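In mature numbering (1 follows the signal peptide of the UniProt record, and there is no 0), the protein residues as written are -18 to -1, 1 to 70. From the three backbone atoms N, C-alpha and C, an ideal C-beta is built for every residue, glycine too. Just so we're clear, the structure is a prediction, and the values are computed from it rather than from any experiment.
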Amino acid sequence: MKPLFATALFAGTLTLSACSTSNPFEPAYANDPAFSGNYAAEFCTNRGHSYEARQQADGSVTGVCKFGNGGEEDAFVYFRKNATGGSL
């Protein structure tokens, strides 16, 4: 009976681990508590830029990374181009 229980427990653990909700396209440190919340905003501000959240007419909110030279870019676009080597 014990081997059957151990086998069932092992199979259950494998099944649950397959149900992970992690996104394979997120960087590894996206789940790090040091990057709590919006990791694109953290990436932007950690590089000396400012971050601004803007509410759109439809009610959605987009984040913008603002550069010292007056330029700006969507924060997630900036993050993807610079943190991932542009591969996402």
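Quick check: residue i and residue j, are their CB atoms within less than 7 Å of each other?
i     : j     : result
Phe58 : Phe25 : no
Val43 : Glu34 : no
Lys63 : Glu54 : no
What residue does the beta strand (DSSP E) around residue i start on, and which one ends it?
i     : result
Ala23 : Unbroken run through Ala23 is the alpha helix (DSSP H), Tyr21 to Asn28; no beta strand (DSSP E).
What residues match up with residue i in a beta bridge as DSSP calls it?
i     : result
Gln37 : Val43
Lys63 : Lys63 is not bridged to any residue.
Judging by CA-CA distance, which residue of the options is the nearest neighbour of residue i?
i     : options                       : result
Gln37 : Asn51, Ala65 and Asp56        : Asp56
Asn51 : Ala65, Thr66, His31 and Ala39 : His31
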